[in-house]
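Data first, discussion second: the structure below is written as structure tokens.
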Amino acid sequence: MSVTKRKKIKVTNKNFGDLLLTSAEEALDHARGRVTLKTETLDLPAEPPKFSKSRIKKIREQILDVSQPIFATILACSPSAVKSWERGENSPSGSTRRLLQIIENDPTHFLESISNS
1 MSVTKRKKIK VTNKNFGDLL LTSAEEALDH ARGRVTLKTE TLDLPAEPPK FSKSRIKKIR
61 EQILDVSQPI FATILACSPS AVKSWERGEN SPSGSTRRLL QIIENDPTHF LESISNS
């Protein structure tokens, strides 16, 4: 994936039309090979893994040693969500799976990073 870094421009009702035309001209110049844009390639992480109900419960009980309500607070979700994951009724969202992955890989640093101190 390439990302083009540009300075921020304030768009107003007065300058919108001019900026739109300028952008279209720049896009055409690039498409025609007249302009080379500065790009930066980013390596995106893989999708977070799926977590089984037993794996989620293991993270909570064995890695963190916390109750379901405390685990829910750590993950910024409801205790009922944690219960439903551990029963296999629902699955955590992608962002929660990413947090579970981080906790599983490095619980100490994760907890330090979210502490109030």
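Take the sequence shown: its position 89, counted from the start at 1, is 89 in UniProt numbering, and no numbers get skipped.
Every residue, glycine too, gets a C-beta built ideally from N, C-alpha and C.
Inset, instruction - Closer than 6 Å by C-beta to D29: which residues in its own chain qualify, once you throw out the five before and the five after it? Chain order, please. - result: V35
Inset, instruction - Report the three-state DSSP secondary structure of T12 (helix, strand or coil). - result: coil
Inset, instruction - Have a look at P45, G88, L75 and K83 and flag the residue whose alpha-carbon is nearest the alpha-carbon of L99. - result: L75
Legend entry - 7 Å CB neighbourhood of G88 in its chain, flanking five on each side removed: K53
Inset, instruction - Tell me where the alpha helix (DSSP H) around A72 begins and ends. - result: Q68 to L75
Inset, instruction - Return helix, strand or coil for E40, following the three-state DSSP convention. - result: strand
Inset, instruction - Grab me the residues of K57's own chain with a C-beta within less than 7 Å of its C-beta, minus the 5 sequence neighbours each way, in chain order. - result: E86
Inset, instruction - For the alpha helix (DSSP H) holding I102, just list the boundary residues, first then last. - result: G94 to N105
Inset, instruction - Take F51 as the anchor and find which of L64, A27, S91 and S84 has the nearest alpha-carbon. - result: S91
Inset, instruction - Run the CB neighbour count on F110, radius 10 Å, all protein chains shown included, and call it buried at 16 or more, exposed below. - result: buried
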